[in-house]
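Read the structure below first, then the notes.
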């Protein structure tokens, strides 16, 4: 504490030496009595005076006065807590920022400190220059007035990569011949050039390092461990145990991005790595776009996923050739061996496989399909499916010349090479051309072909050939069909016609066709001569940005994976392949920066300088005031009886007698400052929790999809709470729900008459419709009888609820009963010629009654994930989406009325209905 204290006028503290003298002087007041001998004094002996006065000042009053005087002396000396230890400098100042992804975790504090450093340099009249090591300038340093650099700080952002490996060479060029002092804002992590750069800066002048004490975390790319997904979190320091929450992000079935899975990574004390293994369903795993460390804002804390994490569903179908018991002769044996590690295989009939909607369908030597099978298969390919066919004896013997599901026309019969009746020696493969998806793959010498089906000469044959034999004969052909593709291997899927299935080339070719996941690291041999287009890139804060404006990247640069301005971390695509480049690669670690003992290292956030003069002077004045009061009391001029009574009265007046009124006022402010959805308290804790979760989920959807930004939902007690603050009340019905009092019904009727809406939900749409057929329906009739409810009708097809925001035809919730009732349209609501909707009034239906349990369908947790099941599979998620859309339409209807019935909206609505 004492070491963090300084004084602006320390010489005043010399006055503290006079305190003992003051003590002695004060002890002499009042003066000692003078002794006079008087014989008559004996008459006073034994008498007691009711009012006496001490002959010396009490010790406690002396202490009070001494403290007051000491406070004044110290206060006027100008004490400062945590003073800045700033030594004015001279000469040029270079401010260096690592500005890497590791700097993003405290970027606002970092830039604020940079502004402070530049402001100090400006006061000292020092020129300054600014350098980002993640993207250093190519020109020599240009020192300018320090205050001229301050406006540039707001536009600086961290980059998503470390400083380059050749950083030392670049800095030597731009600092050659210059001398300057350096303030280095480090990201706290080590990198190869750091020690050399620090030595260079020390040779130019003094070096001070400012870095954050906050720990740095990062993620390595996700990988497969069997059928599970493993993700490893790393950190630079390994001192204490720590837990991090990892989140998998991706789109839900409705296309809205949300958290798909969460797990906890635990760092043991002394460990720098923590691994998490997730067992996820294939459908969910394939939707994951990235992993994040929750609460950590940096590109290093994000791991993008690509095709390597998407295990494709592959259907395998082969003719029943009677050889299934002999594995090595099976048409599917080698395909299974190649695909099992990286794909989910599906077996069954063609009809069953198409119902499962696989990513790829492989047919081994199936030559004949029924018209129904051909039609279904064509539709599946047209929608984006990939059909891979392998030839064989059946294909060679059948008439497939006009088969639409063959990429090229085939000759009848086959071609045999290398035998007694052959056309020559077994044929090797020709090197893959640049436009082939197999370009760059090495050709093993032991891969030969002895038999194949031969393509008929055709103008499109060369364009559709993606692999061929040494003599130019097509080996693999491909054609586009709609959004999908058909690929034909002109050899068998087993080793009967070629040795291709026995080689690693077979697996690589399947990978290139995107049949299986590519598990291997990028290799320059695979990528040479290719160009990759960036789809999305990460900024330094870990946010995903669109990369449409960025140029393509060469395959060689992709293989090197040296991140920088020309190769940013992100998602890159080439034909059908998508590859993620992450900030941290597999096996990479991070380590803390180690600085020489000669370098001064400070934290980014320092204790704020706090002047204490005002506090001490105020305290001294308060002590002097107490001294006056005490002196008056000792002199008998002040009685505490009446003042104490007055003080008690003042304190009593200050007590909050109207706490309930204050709570009600606070609630009113919360309800009226923003749009707030409310639900009726039923007394059933479980049901009330579902209502709250449902309205929270609906509020979340409104915030994401519309301009309405609701606050947190509020529970309403019909007996005690004011209802006029809320545009809509959600009232779930229970069989044993208490009946409101007469006063509550009066409030409810006033609420309905002044524009409010009550949504009654009996939650029994799965067992009954509107009316008295269920216990909840009968309870609703009992509760609603005293209410001023107008005539009702089922929601008509042209009601404004069907189009306030989304175009809807029904209003499902957790249940999908179509019995939903609203206020009847007025009798004069006639159909107008040329318009699809009736000319309705501008009012809002005061009640809406249904039983679809909307709150359960709307309910989501704090991460945006649904809490309660709706339906089954994709159909259920579609039903949940329609329930959310109904909720959005409902709130928009309450807030805007029937404005969508205006004729001005008719052209737009007709256009949407037509599309």
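Numbering (our numbering), first residue to last: 28 to 942.
In this text, a Cβ means the ideal position worked out from N, Cα and C, and glycines have one as well.
Asked	Found
Beta-carbon contacts of residue 358 that lie in its chain and below 6 Å, excluding the five residues immediately before and after	345, 391, 392, 520, 521
DSSP three-state assignment for residue 306, whether helix, strand or coil	coil
Euclidean distance between Cα positions of residue 917 and residue 755	9 Å
Unbroken stretches of the beta strand (DSSP E), 3 residues or longer, contained in the region 473 to 555	492 to 495, 501 to 508, 511 to 516
Rounded separation between residue 578 and residue 326 - CA only	21 Å
Contact check, residue 381 vs residue 404, beta carbons under 9 Å	yes
Local conformation of residue 466 per DSSP, three classes	coil
Whole-Å CB distance - residue 609 paired with residue 331, under 8 Å assumed	6 Å
Opening and closing residue of the alpha helix (DSSP H) in which residue 361 lies	360 to 366
Terminal residues of the alpha helix (DSSP H) in which residue 627 lies	Counting along the chain, residue 627 falls outside any alpha helix (DSSP H), though it belongs to the beta strand (DSSP E) covering 627 to 630.
Host alpha helix (DSSP H) of residue 179 (start-end)	173 to 180
For residue 247, the three-state DSSP class (helix, strand or coil)	coil
Where residue 687 falls, given that 16 or more other Cβ within 10 Å makes a residue buried	Residue confidence is low: residue 687 scores 49 on pLDDT, short of 50, so the model does not pin down where it sits. Its coordinate-derived value is still stated next. Exposed, by the Cβ-count rule.
Sub-9 Å separation of residue 263 and residue 243 beta-carbons	yes
Beta-carbon proximity check, residue 190 vs residue 640, cutoff 9 Å	no
Residue 370 (DSSP reduced to helix, strand or coil)	strand
Residue 659 beta carbon less than 9 Å from that of residue 708	no
C-beta atoms of residue 532 and residue 470 nearer than 9 Å	yes
Runs of alpha helix (DSSP H) wholly within the region 84 to 137 (minimum 4 residues, chain order)	86 to 103
Beta-carbon contacts of residue 673 that lie in its chain and below 8 Å, excluding the five residues immediately before and after	Because the pLDDT at residue 673 is just 45, under 50, the model does not fix this residue reliably, and the point stays unresolved.
Counted within 10 angstroms of its Cβ, other Cβ atoms place residue 460 as buried (16 or more) or exposed	exposed
Proximal residues to residue 504 (C-beta, below 8 Å), its chain only, five neighbours per side dropped	434, 435, 482, 488, 491, 492, 493, 514, 515, 517
Residue 716, buried or exposed, once every other Cβ within 10 Å from all chains shown has been counted against 16	exposed
Burial state of residue 203 (16 or more Cβ within 10 Å)	exposed
Residue interval of the beta strand (DSSP E) (run including residue 256)	255 to 262
Residue 164 Cβ short of 8 Å to the ligand COA heavy atom set	Although the ligand COA was asked about, the structure shown includes no ligands whatsoever.
Selected residue, minimal CA-CA separation from residue 525, among 539, 453, 573	453
For residue 43, three-class secondary structure by DSSP	helix
Straight-line gap, residue 154 to residue 123 (C-alpha atoms, nearest Å)	14 Å
Outcome for residue 571 when other beta-carbon atoms lying within 10 angstroms are tallied against a minimum of 16	buried
Proximal residues to residue 861 (C-beta, below 6 Å), its chain only, five neighbours per side dropped	A caution first: residue 861 carries a pLDDT of 49, below 50, which makes its placement in the model unreliable, though a value can still be read off. So no residue of the chain qualifies.
Straight-line gap, residue 904 to residue 897 (C-alpha atoms, nearest Å)	7 Å
Distance between residue 563 and residue 215 (C-alpha atoms, nearest Å)	28 Å
Length of the line joining the Cα atoms of residue 261 and residue 372	34 Å
Cutoff 8 Å; reference residue 228; Cβ partners in own chain excluding five residues on either side	121, 123, 209, 211, 234
Span separating the alpha-carbon of residue 311 from that of residue 922	37 Å
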